[in-house]
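See structure below.
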Amino acid sequence: MSFEGKRLLVTGGGSGIGAATARRFAAGGGRVAVLDRDVANAEAVAAELEGALAIGCDVADDGAMSAAIGRAAGELGGLDCVVASAGVAESGPIEEWDIERWTRFVGIHLTGTWLTAKYSVPFLRESGAGAIVNFSSVAAIVTQPFNAPYGAVKAGIVGLSRQLAVEFAPTVRVNVMAPGRILTPMTEPLYVVRGDGDEEEGIRRALPKVPLGFIAKAEEVAATVCYLLSPEARFITGQTFVQDGGETLL
495 MSFEGKRLLV
505 TGGGSGIGAA
515 TARRFAAGGG
525 RVAVLDRDVA
535 NAEAVAAELE
545 GALAIGCDVA
555 DDGAMSAAIG
565 RAAGELGGLD
575 CVVASAGVAE
585 SGPIEEWDIE
595 RWTRFVGIHL
605 TGTWLTAKYS
615 VPFLRESGAG
625 AIVNFSSVAA
635 IVTQPFNAPY
645 GAVKAGIVGL
655 SRQLAVEFAP
665 TVRVNVMAPG
675 RILTPMTEPL
685 YVVRGDGDEE
695 EGIRRALPKV
705 PLGFIAKAEE
715 VAATVCYLLS
725 PEARFITGQT
735 FVQDGGETLL
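Residues 495 to 744 (the numbering used here) make up the sequence shown, in order.
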């Protein structure tokens, strides 16, 4: 896929699937603005990519997001594509969550996705054929033990994205990625915990839930994301793409 002359903004771009998407987009000739709360991670990824810039930003902060997206569009000369992949992995019994933790969690995932769309859509409309990919999860589709907050915010992102797909049409497409079990810096600690301190054991215990029998890499999801951003997907909007090795079939 060629992204020659195209400009991408990616939140959560300092690691995991966001970073993998930034690299693949840049490999296709595009320029990237890497946004991440950890500015050092954002700078490390941007340093790999020709013409890229790094911006430290909390996606739940209204003013910070307005400024960051405006800066990215200004330095790149506009925006054609946006990926909202910022997120954190937290779980546990619902009675252990207090209101501050819940509010922060919703802010990062759902509010962050909303703010990303709100402040980027004017630039995407200017491009004439903009594309957004928001990140949900299979947790929006299937129930998982002690994962109610995560499932709730990820389901909210699907609902938000469907509404935005209609609101932003015809000049901007909006789709959703819902990954299953992917090995990233965010999920690696979860496999360690589930393997009683052994990451490989944690992965082994997860495999019976994946019909294809393996845990995917971030680069494999990034390939699908870049397809959805590309002109090849110009007749696709409002859809949720599940990439889970068949987990939601069980």
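Even for Gly, the Cβ is constructed at its ideal location relative to N, Cα and C. None of these values were measured; they are calculated from a predicted model.
Check	Outcome
Beta-ladder partner(s) of residue 673, from DSSP	737
Three-pair Cβ contact test at 8 Å for the region 642–658 versus the region 682–697	no
Cβ-based neighbour list, residue 588, same chain, cut-off 6 Å, excluding 5 preceding and 5 following	642
Alpha-carbon spacing of residue 636 relative to residue 598, whole angstroms	23 Å
CB of residue 514 within 9 Å of CB of residue 549, strictly	no
Residue(s) in a DSSP beta bridge with residue 501	525
Residue-level contact to chain C via CB, residue 640, 9 Å cutoff	Structure shown: chain C not included; a single protein chain is present.
Beta-carbon proximity check, residue 737 vs residue 715, cutoff 9 Å	yes
Cβ distance (whole Å) where residue 735 is taken to contact residue 666 below 8 Å	Not really, about 17 Å apart at Cβ, beyond 8 Å.
Proximal residues to residue 656 (C-beta, below 7 Å), its chain only, five neighbours per side dropped	732
Continuous beta strand (DSSP E) stretch holding residue 575: start and end	575–578
With 16 other Cβ atoms within 10 Å as the buried cut-off, status of residue 673	buried
Beta-carbon contacts of residue 704 that lie in its chain and below 8 Å, excluding the five residues immediately before and after	674, 675, 738, 739, 740 and 741
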